[in-house]
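Trainee: Here the sequence shown is numbered in the working numbering, starting from 1 and rising by one per residue.
In this text, a Cβ means the ideal position worked out from N, Cα and C, and glycines have one as well.
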Amino acid sequence: MTPKVHVKSGDKVVVLSGKDKGKEGKVLTVFPKESRVVVEGVNIVKRHTKPNRQNQQGGIIEKEAPINSSKVMLVCPRCNKPTRIAKKFLQDGQKVRQCKKCNEVIDK
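#1: Which residue comes first and which comes last in the beta strand (DSSP E) that contains Val96?
#2: Figure out for me which residue from Thr2, Asn68, Lys100 has the closest Cα to the Cα of Val15.
#3: For the 8 angstroms Cβ check, are there 3 or more pairs between the region 1 to 14 and the region 59 to 75?
#4: Identify the continuous beta strand (DSSP E) that holds Glu24 and give its terminal residues.
#5: Quick check on Asn80: buried or exposed, where buried means 16 or more other Cβ atoms within 10 Å of its Cβ?
#6: Identify every residue that forms a DSSP beta bridge with Arg47.
#7: The beta strand (DSSP E) with Arg53 in it runs from where to where?
#8: Quick one: grab the DSSP three-state call for Lys71.
#9: For a test of the three-state rule: what should DSSP assign to Pro82, helix, strand or coil?
#10: For Ile44 and Gln94, what's the separation of their Cα atoms in angstroms?
#11: In or out: Arg53 buried (at least 16 other Cβ within 10 Å) or exposed?
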């Protein structure tokens, strides 16, 4: 059974701890088995790469590395505040995420 991650790809999140504390960004990828997420502009690392077909030049490339999903909190699109989420079932039986602060349904 894969562990549950509270954020999805494309969500806007804020970083809670670490060297990038307070930064906001969009979730690019989610790795539920490792419980990690890649956030745009957060946890930038330098990779030394050899020249190849995609990268003719090679050299030092900066890219985002995964961070633990527990270090990020979802930002509600309506109230624009970091919030925890509640799971809710709609009348048609669909399971959705809900903002704990403004009770707005986050995704449909």
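Mentor: Once the coordinates are examined:
#1: 95 to 99
#2: Asn68
#3: yes
#4: 24 to 31
#5: exposed
#6: Ile61
#7: From DSSP, Arg53 is part of no beta strand (DSSP E); its letter is neither H nor E.
#8: helix
#9: strand
#10: 37 angstroms
#11: exposed
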